[in-house]
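Residue numbers (this note's numbering): 2 to 261. Yeah, the Cβ is synthetic: ideal placement off N, Cα and C, and Gly gets one too. Quantities reported herein were computed from a predicted structural model and do not represent experimental measurements. Accompanying notes for the structure given below.
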Amino acid sequence: MEKQILTNIHPNAKIGKNVTIESFTTIYDNVEIGDGTWIGPNVTIFEGARIGKNCKIFPGAVISAIPQDLKFQGEETTTEIGDNTTIREFVTINRGTIDRLKTVVGSNCLLMAYVHIGHDCIIGNNCILANCVNVAGHVELEDFVVIEGVVGLQQFVKVGRHAFIAAGSNVRKNVPPFVKAAREPLSYVGVNSVGLRRRGFSSDSVMLIEDIYRSIYVRGLNLSNAVRVIEQEAPQSEEKEIILKFIAESTKGMIRGPLN
């Protein structure tokens with residue numbers, strides 16, 4: 002481990018091999034940092050942080066501060082960050098509460114400057130959150146979610162895998178997998194076909210996803226009838242099962258369609 006001058010590192014912190022900690026950074030007790038991670042100057046890492054390998058944490062970030070939740074009673078909770086994740090300037094990530102006992106950010110994620118991740122959030126792998134995205138408590142983002150800048154996500158919402166949310170949006174309801182969402186109020190504006198093809202989805206798979214969402218958002222069916230049509234008419238596929246499972250578990254309701 003390379004320790005720079007004027008750092009404040011608790012003796013009980015577990016620091017891996019080849020970790021660089023720059024000047025004026027403070028690391029508290031009950032912290033674990035994986036091999037090869039770089040921590041820039043003026044970073045604060047509070048108790049309960051579990052940071053993976055080969056991460057990069059830029060100046061001003063605050064990791065694992067106590068929740069901004071008046072119900073928090075000091076319970077022992079964690080903030081868990083996967084491998085190869087980049088956390089840019091002034092990102093704040095709060096640790097969990099009694100609800101989930103942890104806040105999680107997956108591997109290979111990019112959190113751009115001024116992102117806030119609230120308590121008990123679960124952020125999947127390969128997610129990108131652009132500048133000034135604010136994620137309230139208990140939010141879940143599945144893998145490969147991309148959110149453009151200055152987006153606010155209300156507590157308890159869920160965003161499905163491979164979804165794309167446009168800049169300046171307010172996310173008050175769940176966003177299903179594979180879609181693009183924009184406008185105010187937030188609406189379905191199509192399938193995230195460009196992102197899907199970049200990640201190796203075939204043209205047939207993209208077309209199937211588009212057909213499924215036509216039943217949900219374009220054909221004028223209510224949601225229960227749309228699900229019935231999808232179950233009966235759409236060919237069996239992994240994507241179909243993912244979408245139907247998301248709908249079945251979507252207790253907060255889903256974003257509106259373009260014709261609503």
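- With a threshold of 16 other beta carbon atoms within 10 Å, Thr-78 meets it and is buried.
- Annotated three-state conformation of Phe-165 is strand, per DSSP.
- In this model, Lys-15 and Arg-51 are separated by some 10 Å (Cα to Cα).
- As DSSP reads the structure, Val-176 sits in a beta bridge with Val-160.
- Residue pairing by DSSP places Tyr-189 opposite Ala-182 in a beta bridge.
- Gly-107 places its beta carbon 9 Å or farther from that of Lys-54.
- Nearest neighbour of Arg-257 by Cα position, chosen from Asn-223, Leu-197 and Ala-66, turns out to be Asn-223.
- Between Leu-112 and Val-152, the alpha-carbon positions lie close to 13 Å from each other.
- Taking Lys-159 as the centre and dropping the five residues before and after it, the same chain places the C-beta of Glu-141 and Asn-175 closer than 6 Å to its C-beta, in chain order.
- When only Cα atoms are considered, Phe-59 and Glu-23 end up about 10 Å apart.
- Annotated as distal: Asp-144 and Cys-122, with beta-carbon spacing of 9 Å or more.
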